[in-house]
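The block underneath contains the structure these notes are about, expressed in structure tokens.
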Amino acid sequence: MRRKFVLTLLLTAALAVSLSAAFKKGDVRVHTLANGLKILLVEDHNIPNVALYTYFRVGSRNERPGLTGVSHFIEHMMFNGTPKIGPGEFDRRMEFQGGRNNAFTSDDMTGYTDWFPAAALEAMIAMEADRIQGLAFVPEVFESERGVIASERRMAVENNNDAILGENVRATAIMAHPYHWNVIGWMSDIQSWRRDEVMAYYRTYYAPNNAVLIVVGDFDPAPTLNLIRKYYGPIPAYPPPPPVSTVEPPQMGIKSVLVRKAAQAPSFQVVWHAPSAKDPDYLPLSILAKPLLEGESSRLYRRLVREEQLAIRIRGGVQETIDPLLFMIDVKPRPGADLDRIDRVIEEELAKIKAEGITPKEFEKALNIVRSDFYMELQTIAGKAGQLGGAELLYDDFGKLFTVMDDYAAVKIERIKEVALKYFQENNKTIGKLIPEGGAK
Amino acid sequence: MKKLVPTALAFFLIAALAAPATLAAAAQLPAPEKIVLKNGIIVYHLKNSALPIVSFRMVIRGAGSAFEPAEAEGAANLAATLMMKGTAKMDADAVAEAVDFMGASLNISAAEEYLQVSGDSLSEHFPRLMEIAADCLTRPSFKEEEFAKERAKRIDVLKAAKDNPGTAVRYYFQKAYFGGHPLGHLATGMESSLTKMTVQAVKDFYARRLRPNRSIAAVVGDIDKAKLVALLESTVGRWPNPAGAATADAVPALPKPKGRTLLLIDKPDANQAYFMLGAPGYAMGDKITAAASVMNTLFGGRFTSWLNTELRIKRGLTYGANSGVRNWAAGGLFSVSSYTKNDKIGEMLDITLDLLKKGAGQGFAPEEIESSRNYILGQFPPTLETNASKAGAYIRLAFYKLGFGYYDKYLDEVGKTSAENAKAAAARLLPQDDFVLVVVGKAEEIKPLLMKYGTWREKKITDPDF
Chain A
1 MRRKFVLTLL LTAALAVSLS AAFKKGDVRV HTLANGLKIL LVEDHNIPNV ALYTYFRVGS
61 RNERPGLTGV SHFIEHMMFN GTPKIGPGEF DRRMEFQGGR NNAFTSDDMT GYTDWFPAAA
121 LEAMIAMEAD RIQGLAFVPE VFESERGVIA SERRMAVENN NDAILGENVR ATAIMAHPYH
181 WNVIGWMSDI QSWRRDEVMA YYRTYYAPNN AVLIVVGDFD PAPTLNLIRK YYGPIPAYPP
241 PPPVSTVEPP QMGIKSVLVR KAAQAPSFQV VWHAPSAKDP DYLPLSILAK PLLEGESSRL
301 YRRLVREEQL AIRIRGGVQE TIDPLLFMID VKPRPGADLD RIDRVIEEEL AKIKAEGITP
361 KEFEKALNIV RSDFYMELQT IAGKAGQLGG AELLYDDFGK LFTVMDDYAA VKIERIKEVA
421 LKYFQENNKT IGKLIPEGGA K
Chain B
1 MKKLVPTALA FFLIAALAAP ATLAAAAQLP APEKIVLKNG IIVYHLKNSA LPIVSFRMVI
61 RGAGSAFEPA EAEGAANLAA TLMMKGTAKM DADAVAEAVD FMGASLNISA AEEYLQVSGD
121 SLSEHFPRLM EIAADCLTRP SFKEEEFAKE RAKRIDVLKA AKDNPGTAVR YYFQKAYFGG
181 HPLGHLATGM ESSLTKMTVQ AVKDFYARRL RPNRSIAAVV GDIDKAKLVA LLESTVGRWP
241 NPAGAATADA VPALPKPKGR TLLLIDKPDA NQAYFMLGAP GYAMGDKITA AASVMNTLFG
301 GRFTSWLNTE LRIKRGLTYG ANSGVRNWAA GGLFSVSSYT KNDKIGEMLD ITLDLLKKGA
361 GQGFAPEEIE SSRNYILGQF PPTLETNASK AGAYIRLAFY KLGFGYYDKY LDEVGKTSAE
421 NAKAAAARLL PQDDFVLVVV GKAEEIKPLL MKYGTWREKK ITDPDF
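If you're matching them up, the sequences are chains A and B in order.
Residue numbering for the first sequence follows the numbering used here, beginning at 1 and increasing consecutively.
Residue numbering for the second sequence follows the numbering used here, beginning at 1 and increasing consecutively.
In structure tokens, the structure reads:
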């Protein structure tokens, strides 16, 4: 799932923010229905449209072997019919009213994102409330959608060398926790999900008490809240889903994984176990990632792309997740480049940060990046809805959105060095290489 | 994710749906203030103080990839990139450091018809961003060393692109469709042209093609007019017009495929086959635009489109199937693309060709037309929500001389588009027998399925260039 990475970056950016005059915590009206549904409402009349986002606390971290990828499959099945609304009708009705939607699944959450003209508000609330009360799972449609997911996996992973390597690296680095697999799931699971198991999974997680509804845009809050009460109020709460109890054990030595495949260019990725988003070490690592990896002025871009010309591009950073995941550096090597040399250059640059930390100017740059990205995101109703939803799901507190810039600024610069020493250790590291075979000239 | 938001080509698909886009566009896109700088640069300005940020966009007509000498394919975009890799005042690292430090973005790149500059920053940093942008634009150093690095990197980027069949099919298609026509120049260049490229060719392109009096800019965000005028005059306003007459800036008429041109690219490790099929579209501002948008939305422009319904929703053959239009001043392109596992590519192409026939022959039902109109109108406002998208719209409207009332007119026409109008657009745009079709996949498995469509020219993915 390419989207996951993007989402993480957005949230990182988003959360590092000072209060904007144009958007304050006080602008968010918060309600919780008796059944546990949390509602965040923000009036914004900049355009005559509404962004209606529903985020569920379910993602691939809630899955188990045999059912990998099922969170994402359900995301697709949410468009394929309920007892009241036939397969495909959700999209047909929505588009007829001038609306458009998308949805995403990550390790930690599943989000449904609707954008539509204000006049469609009641119809959309009604359809969203309907599809959390049961899906039809029509057998033929179930099978057809399985094919769609298989095609998505072939497109996003199997015909994308960097993604194949990424999947191998993740599965090597993470041994026990469900973050072991990608959101898309393993192909053999995709091909064998059973309808009854999928239905049980849906029933466990699609409940008002496991969701947050975020509405941003051109509406009047009081009648809107009444509409939400009307359609969501009668839905019962369900027993809370079981917690994810598996804890990834400490890694006890360097790991590596090699993929050989027809390719024109190699792939290279290196990861270290990293803390969860709520951990006090998260922000220092997030700051560290910026001068290390972001932009052509970053330390690693300069060394790997410009000076030594070992790579075409680099990207990465710390993943912002509920449970501890990874700090990742993903390098696209030049064909023929010495991959071990790439690894050494990365270690040399990390050694400098372990010895000296980052400079005050680099620290200031990180804060500027965070602030700038945040305001860019706030330009749209979709941006505001996404930021609120992400903060609520990851931190159980949308208000995090309005304090995190201060949190970032409050990080002591010495902490960057401390976290570098703590996490960038050999015993904590996994290296992945994809080496071209055959196909190259 | 339910739908992938595609990149590159898809940008234009979105732009085309969008450009053509709500009820009163004027509410989102008020007429801007026009400023003419002393050197001739035309600037459109809209103040928006909602957030402390500013967006800058500029295009330079006649400085896109379509104006490269044929032997210097890739020179325009190479010039664009190298403009940021060192100036009279700053070296490449200094430019990158200054822009990154502000958390700002600054990009220069070549489209087909123009070179484009885009910059976004916090308002407090905007003056500095414009100083840097002007320095890159007006005093690039084009150092041999930076040229050599960038050229070598591009050659490798092109090789790596062949590892991703979804990307590769678009490059192969552009070459197959446009042949020697200037719109066939890949912005990235090709391995063969880059190998022969010299820094002098890049300097020549810059010297001949970039001039202030062919530039249109737009600034939208938290900045006053008076402050902006002073800032622009002291930065990009100091860029002198070169001596001598301007070179041509018109793109010749676009090719019209006759019969079926079929190209198969063998990628032996692919477990999915990717196709792209294209035929003539229409020029920017063409009278058919509103009807074409209504038609394309139904054919392949949204989730419940005919293509996506038949290929994804009903049969589960693919994750995504789309059609889209790209428009230039001289003409346009209509294209369809999707992918499926190797053994289904024949079924996928049969369905696609049947839908093209059905669309042109039967047109669309009145309720489909109503749905499409609603959809285009409802999805228009978000296309003009950000500073950058407003700036982009001002430039697009000025560049193609459409006038700032264009979107209101367009939306009005969308609202009045009838089933007959959409059918006429389908008859004109959905190709029946004359098209270019490119497939990238594992030839051994898919070739037997493709023979019935005609004679295929074949290439291996490892053959040089596209």
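Even for Gly, the Cβ is constructed at its ideal location relative to N, Cα and C.
- Taking 9 Å as the cut-off, the beta carbon of N387(B) is found no closer than this to the beta carbon of Q387(A).
- If you ignore the 5 residues before and after L402(B), its C-beta comes within less than 8 Å of the C-beta of M284, G285, R396, all in its own chain and listed in chain order.
- In this model, R371(A) and M405(A) are separated by some 7 Å (Cα to Cα).
- Straight-line measurement puts the Cα of A163(A) at about 13 Å from the Cα of V270(A).
- For the region 321-342 of chain A, the set of positions with a beta-carbon nearer than 7 Å to some beta-carbon of chain B reads K332, R334, P335 in chain order.
- Ranked by Cα distance from R29(A), the options R146(A), S71(A), D220(A), M78(A) are led by D220(A).
- Within the DSSP secondary-structure output, N107(B) pairs in a beta bridge with S118(B).
- Think of a sphere of 8 Å around the beta carbon of E43(A): no beta carbon from chain B falls inside it, the nearest being about 14 Å out.
- Leaving aside the five residues that flank L317(B) on each side, the residues in its chain whose CB is nearer than 6 Å to its CB run, in chain order, L311, T340, K344, M348.
- At a beta-carbon threshold of 7 Å, the residues of chain A lying near Q379(B) are G98, R100, ordered along the chain.
- Taking a contact to require three or more Cβ pairs closer than 8 Å, the region 219-235 of chain A and the region 250-262 of chain A do not qualify as touching.
- Within the same chain, P52 come within 8 Å of E124(B) by CB-CB distance, once the 5 residues on both sides are set aside.
- Here the C-alpha atom of A75(B) lies approximately 51 Å from the C-alpha atom of M252(A).
- Of all alpha-carbon atoms in E143(A), M124(A), D330(A), the one lying nearest the alpha-carbon of Q97(A) is that of M124(A).
- At a C-beta separation below 8 Å, N421(B) has no neighbours in chain A, since its nearest C-beta there lies roughly 19 Å away.
- Residues of the region 359-393 of chain B with a C-beta less than 7 Å from any C-beta of chain A: S371, N374, Y375, L377, G378, Q379, P381, P382, E385, T386, N387, listed in chain order.
- With contacts defined as CB atoms closer than 9 Å, K47(B) and D222(B) qualify as a contacting pair.
- Between W186(A) and V198(A), the alpha-carbon positions lie close to 15 Å from each other.
- Around I446(B), the same chain offers A273, N342, I345 as residues with beta carbons nearer than 6 Å, after the five sequence neighbours per side are excluded.
- Among the residues of chain A, those whose CB is under 9 Å from the CB of S121(B) are S372, following chain order.
- Using a CB distance below 8 Å, the part of the region 247-264 of chain A facing chain B consists of K261, A262, A263, Q264, ordered along the chain.
- Remark: three or more beta-carbon pairs, one from each stretch, lie closer than 8 Å, so the region 227-244 of chain B and the region 34-44 of chain B are flagged as touching.
- Close to chain A, meaning a Cβ-Cβ distance shorter than 9 Å, are the following residues of the region 261-290 of chain B: K267, P268, D269, A270, N271, Q272, Y274.
- The closest CA to that of V251(B), considering only G184(B), V436(B), L384(B), is found on G184(B).
- Residues of the region 327-342 of chain B whose Cβ lies closer than 9 Å to any Cβ of chain A, in chain order: Y339, T340, K341.
- The contact set of F101(B) on chain A, defined by CB atoms closer than 8 Å, consists of S297, K361, E364, K365, N368 in chain order.
- Here N80(A) is buried. Its C-beta has 16 or more other C-beta atoms within 10 Å.
- The DSSP-derived three-state label of M199(A) is helix.
- DSSP places L394(A) inside the alpha helix (DSSP H), whose first and last residues are 381-395.
- Annotated three-state conformation of Y394(B) is helix, per DSSP.
- Using a Cβ-Cβ cut-off of 9 Å, D91(A) is close to R302, F303, T304, I313 of chain B, given in chain order.
- Pairing P208(A) with I85(A) gives a Cβ-Cβ distance that is not under 9 Å.
- Apart from the 5 residues on each side of it in sequence, A330(B) sits with its Cβ closer than 8 Å to the Cβ of A250, V251, P252, A253, L254, A283 in its chain, given in chain order.
- Around the beta carbon of E146(B), 16 or more other beta carbons sit within 10 angstroms, so the residue counts as buried.
- Residue burial is scored here from C-beta neighbours: V247(A) has fewer than 16 other C-beta atoms within 10 angstroms and is therefore classed as exposed.
- Rounded to the nearest angstrom, the gap between the Cα atoms of R170(A) and H180(A) is 6 Å.
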